[in-house]
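These notes concern the structure reproduced below.
Numbering (mature numbering (1 follows the signal peptide of the UniProt record, and there is no 0)), first residue to last: -19 to -1, 1 to 452.
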């Protein structure tokens, strides 16, 4: 009786019209589930969601220690000044978001095992405060354009790489902070990432903590949040462990051929498809892209970013250690603070609030030449073996790290995006013209940014723009 009652209220929807077939969503991560939730809020509840993983959450993934501590190995943080949509959803689904206190920050240079307290480098507080105030004004100038899809156009000033944008606007004093929050957090080199993506992520409010010394960060068990969101979608059908074999996408309607756990073939008829799979050509092969689609998505690349969890028994927990130390060649001042190494070595590590035993370690490789997870973990072992020491003890000697200290490792298809050249040539306009082509709509980091907040914002915008309210 319950099933038939629910079924009678499961309503399908297509852009501009109502329909009898469901909306099919490729991906049960933040983008896919936010899309499904927004559709449900508009009364479109008949959806079918596919994911290659065995459950919801996508990159919002957890590793559970033998002691039962939950470690977020994908998305972790939010910010009270920058994540209003996350705050709204955590409140709605009763998921806690404990504040993350200000931590002591260390900077290191792994090849020599040098670790220094970041405060040993004198900073011009006046210059930083002035740059933050300028950033407020600069951000306000471009804020009307900073929305998912950038549908109001892209001023040339924010299409350039962040390394050009900052000095052009007198924001040089913020370069070390953007190195920390862009490069070490997995978004690539400041020389590569277009300024508009960085600005979609790091709004002026995020700098308040550097002026007040009061943290605005919080942590969220994002996997729990999206598990609860998935459970709330009572009319949705979830196909986990699914492999998309092919699609037949037409001007009106589509169908998806797939299997689950590699067994058999099934076909799902769809009114339309929302694709949240990272939009690299190699990942979109099951969609059988036509020439028009290839011409758009050939410009999309992703960042090689890696998460691992290690036991480091000598390192002081509850601090952050960032690879921002650079040798100068000057014996009197041998190091300065700069950008991270980009060869696949660790760029930042630290413990989470849940326990002090296990360290999350993040690694980054610049460029498109692939590096294997095995090579990344080997580089991490080498670097951590030189850094596994208590820096509060004089003349501390690092203790070698063994591969048995590695508890988890994963490579991410992270931050699918386009470069400054593609943006200058009208890429975002081309993407929006493609929406609805062959009954397919696209959302994800390439039209906003790779954060949970942006994933939700982009999904909401897509549904609000292209899907009518069911009736």
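Built from N, CA and C at the ideal position, the CB exists for glycine as well. Fair warning: this is a prediction, and the values are worked out from it, not measured in the lab.
Assess, as a yes-or-no matter, whether the stretch 433 to 444 is touched by the stretch 138 to 157 under the definition of 3 or more beta carbon pairs within less than 8 Å.
no
- Query: Got a sec? Which residues, its chain only, sit under 7 Å from residue 424 by beta carbon, not counting five neighbours each side?
  - Reply: Walking along the chain shown from the start, residue 424 turns up at place 443. In the same chain as residue 424, and ignoring 5 residues on each side of it, the C-beta atoms closer than 7 Å to its own belong to 12, 16, 255, 257, 439, 440 and 443, in chain order.
Query raised in the report: Do the stretch 54 to 71 and the stretch 299 to 309 meet, that is, are 3 or more Cβ pairs less than 8 Å apart?
Result: no
- Message: For residue 254, report the span of its beta strand (DSSP E) as first-last.
- Response: One-based indexing of the chain shown puts residue 254 at position 273. The continuous beta strand (DSSP E) containing residue 254 extends over residues 253 to 256.
Practice task
Check whether the Cβ atoms of residue 90 and residue 306 lie closer than 8 Å to each other.
Solution key: Taking the first residue of the chain shown as position 1, residue 90 is located at position 109. Taking the first residue of the chain shown as position 1, residue 306 is located at position 325. A contact, by the Cβ cut-off of 8 Å.
Q | Cβ shell of residue 405 (< 6 Å), same chain only, five flanking positions each side left out | A | For the purposes of this step, residue 405 is taken as residue 424 along the chain shown, with counting starting at 1. Cβ within range, chain order: 140.
Could you confirm whether any beta carbon from chain B is found closer than 8 Å to the beta carbon of residue 149?
Included in the structure is just one protein chain, with no chain B present.
Note to self: Please list the terminal residues of the continuous beta strand (DSSP E) segment that includes residue 345.
What the structure shows: On the chain shown, residue 345 is found 364 positions in, with the first residue counted as 1. 339 to 346 is the extent of the beta strand (DSSP E) around residue 345.
- prompt: Whose C-beta lies closer than 7 Å to the C-beta of residue 241 among residues of the same chain, with five residues either side of it excluded?
  reply: Numbered from its first residue, the chain shown carries residue 241 at position 260. Hits under 7 Å: 220, 222 and 223.
(Q) I'd like to check one pair, residue 251 with residue 235: are the Cβ atoms closer than 8 Å? (A) As a working mapping, residue 235 is identified with position 254 in the chain shown. As a working mapping, residue 251 is identified with position 270 in the chain shown. Yes; because the gap between Cβ atoms is below 8 Å, this pair is in contact.
| message | So within the stretch 82 to 123, which uninterrupted beta strand (DSSP E) runs reach at least 3 residues, ignoring any that extend past its ends? | response | Fully enclosed beta strand (DSSP E) runs of 3 or longer: 85 to 90 and 95 to 98.
**OP:** Within the same chain, show all residues whose beta-carbon is closer than 8 Å to that of residue 373, passing over the 5 residues directly before and after it, in chain order.
**Re:** The residue given as residue 373 occupies position 392 in the chain shown. Excluding sequence neighbours, residue 373 sits near 297.
Check residue 68 in the structure and name its three-state DSSP category. Position 87 of the chain shown, counting from 1, holds the residue named residue 68. Here residue 68 sits in helix by DSSP.
N-terminal and C-terminal residue of the beta strand (DSSP E) that residue 226 is part of: In the chain shown, the residue the question calls residue 226 occupies position 245. It spans 223 to 230 - the beta strand (DSSP E) in which residue 226 sits, taken as one unbroken run.
If we count the other Cβ atoms within 10 Å of its Cβ and call it buried at 16 or more, is residue 1 buried or exposed? Here the question's residue 1 lines up with position 20 in the chain shown. Burial call: exposed.
Three-way DSSP call (helix, strand, coil) for residue 190 in this model: In the chain shown, the residue the question calls residue 190 occupies position 209. Three-state DSSP puts residue 190 in a helix.
Q | Euclidean distance between Cα positions of residue -6 and residue 262 | A | Your numbering for residue -6 matches position 14 in the chain shown. Your numbering for residue 262 matches position 281 in the chain shown. Note that residue -6 scores a pLDDT of 47, beneath 50, so its modelled location is shaky; the value from the coordinates is reported in the next line. Going from the Cα of residue -6 to the Cα of residue 262 covers about 26 Å.
> Under a Cβ-count criterion, where at least 16 other Cβ atoms within 10 Å of its own Cβ denotes burial, should residue 245 be classed as buried or exposed?
Replying inline: In the chain shown, counting from the first residue as 1, residue 245 sits at position 264. Classification of residue 245: exposed, given that the 10 Å Cβ count is below 16.
Is there contact here, the stretch 191 to 206 with the stretch 37 to 52, by at least three beta-carbon pairs under 8 Å? yes
What is the DSSP secondary structure of residue 532, reduced to helix, strand or coil?
A question about residue 532 goes unanswered here, because the residues of the chain that appear run from -19 up to 452.
| query | Three-state secondary structure (DSSP) at residue 164? | reply | Residue numbering aside, residue 164 sits at position 183 when the chain shown is read from its first letter. Helix at residue 164.
>> Can you give me the C-alpha to C-alpha distance between residue 398 and residue 286, rounded to a whole angstrom?
In response: The sequence position of residue 398 within the chain shown is 417, counting from 1. The sequence position of residue 286 within the chain shown is 305, counting from 1. In a straight line, the C-alpha of residue 398 is about 14 Å away from that of residue 286.
- Query: Who are the near neighbours of residue 208 in its chain, counting only those whose CB is closer than 6 Å to its CB and skipping five residues on each side?
  - Reply: Counted from its first residue, the chain shown places residue 208 at position 227. 37, listed in sequence order.
_With a threshold of 8 Å on Cβ separation, who are the neighbours of residue 169 within its own chain once the five nearest residues in sequence on each side are excluded?_
Indexing the chain shown from 1 puts residue 169 at position 188. The residues are 163, 284, 345, 347 and 396.
Does the stretch 94 to 112 come within contact of the stretch 152 to 161, defined as at least 3 CB pairs closer than 8 Å?
yes
### the stretch 23 to 36 contacting the stretch 171 to 189, beta-carbon criterion three pairs below 8 Å
no
Q: Give me the Cα-Cα distance between residue 409 and residue 6, rounded to the nearest whole angstrom.
A: Position 428 of the chain shown, counted from the first residue, corresponds to residue 409. Position 25 of the chain shown, counted from the first residue, corresponds to residue 6. Near 22 Å, if we compare the C-alpha coordinates of residue 6 and residue 409.
Check your understanding: Grouping DSSP H, G and I as helix and E and B as strand, with all else coil, what is residue 249?
Key -> As a first step, residue 249 must be located in the chain shown, where it is residue number 268. Correct three-state label for residue 249: strand.
Is residue 454 helix, strand or coil when you go by DSSP? Any answer about residue 454 is impossible in this case: the structure gives the chain only from -19 up to 452.
Under 8 Å between the Cβ atoms of residue 339 and residue 388? As a position in the chain shown, residue 339 is number 358, starting the count at 1. As a position in the chain shown, residue 388 is number 407, starting the count at 1. Contact: yes.
Does the contact criterion of 3 or more C-beta pairs under 8 Å hold for the stretch 70 to 85 versus the stretch 307 to 323?
no
(request) Have a look at residue 238 and residue 361 and give me their C-alpha separation to the nearest angstrom. (result) Numbered from 1 along the chain shown, position 257 holds the residue referred to as residue 238. Numbered from 1 along the chain shown, position 380 holds the residue referred to as residue 361. Those two C-alpha atoms are separated by around 40 Å.
Start and end of the alpha helix (DSSP H) containing residue 365?
Translated into the one-based positions of the chain shown, residue 365 becomes position 384. According to the DSSP assignment, residue 365 belongs to the alpha helix (DSSP H) that extends over 354 to 368.
Fill in: Environment of residue 445 [buried if 16+ CB atoms lie within 10 Å]
As a working mapping, residue 445 is identified with position 464 in the chain shown. Classification of residue 445: exposed, given that the 10 Å Cβ count is below 16.
Is residue -4 helix, strand or coil by DSSP? Taking the chain shown and counting its residues from 1, the one referred to as residue -4 is at position 16. Bear in mind that a pLDDT of 44 at residue -4, under 50, signals an unreliable position, so the number given afterwards is only what the model happens to contain. Coil, per DSSP.
#### Entry: Pick from 186, 23, 25 and 56 that is closest to residue 333, judged by C-alpha positions
Here residue 333 corresponds to residue number 352 of the chain shown, with the count starting at 1. Selected option, being the one with the closest Cα: 56.
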